[in-house]
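Report on the following structure.
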Amino acid sequence: WSAGTGGAPSEYTLTARTSAGGAPIATLPMRLTSASFSNVPSGTYYLTLTASNAAGTSPPSAQITLTVP
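Be aware that the sequence shown starts at 1, since it is given in our numbering, and climbs by one per residue.
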């Protein structure tokens, strides 16, 4: 995906799953490139990110594994 004529990304979407390739448990639209979350239960989460602009939405990023102690 290239921002192309649509300009820089205007929104990002973070998707969280509890198993690799599983159904999403949360899909969070974000305007900034960083975020923090409180009260996340212990466990392992699988995260992907997409970027959107006027030209469309990128494919999902590589999956990141996050373990919350």
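In this text, a Cβ means the ideal position worked out from N, Cα and C, and glycines have one as well. Because the structure is a prediction, the values reported are computed rather than measured.
From the DSSP secondary-structure annotation, give me the bridge partner or partners of residue i.
| i | result |
| --- | --- |
| SER52 | GLU11 and THR57 |
| THR67 | THR44 |
Am I right that residue i and residue j are in contact with their C-beta atoms under 8 angstroms? What's the rounded C-beta distance?
| i | j | result |
| --- | --- | --- |
| ALA16 | PRO9 | At roughly 19 angstroms, the Cβ-Cβ gap does not stay under 8 angstroms, so ALA16 and PRO9 are not in contact. |
| THR13 | THR33 | So it is not a contact: roughly 12 angstroms between Cβ atoms. |
| ALA35 | ALA3 | Incorrect: roughly 21 angstroms between the Cβ atoms, too far for contact. |
| ASN39 | GLY6 | Between GLY6 and ASN39 the Cβ distance is about 35 angstroms, and since that is not below 8 angstroms, they are no contact. |
Point to revise | Continuous beta strand (DSSP E) assignments of at least 3 residues falling wholly in the segment 16-46 | key: 24-30
Point to revise | Meets three-Cβ-pair contact criterion under 8 angstroms: the segment 57-67 and the segment 33-48 | key: yes
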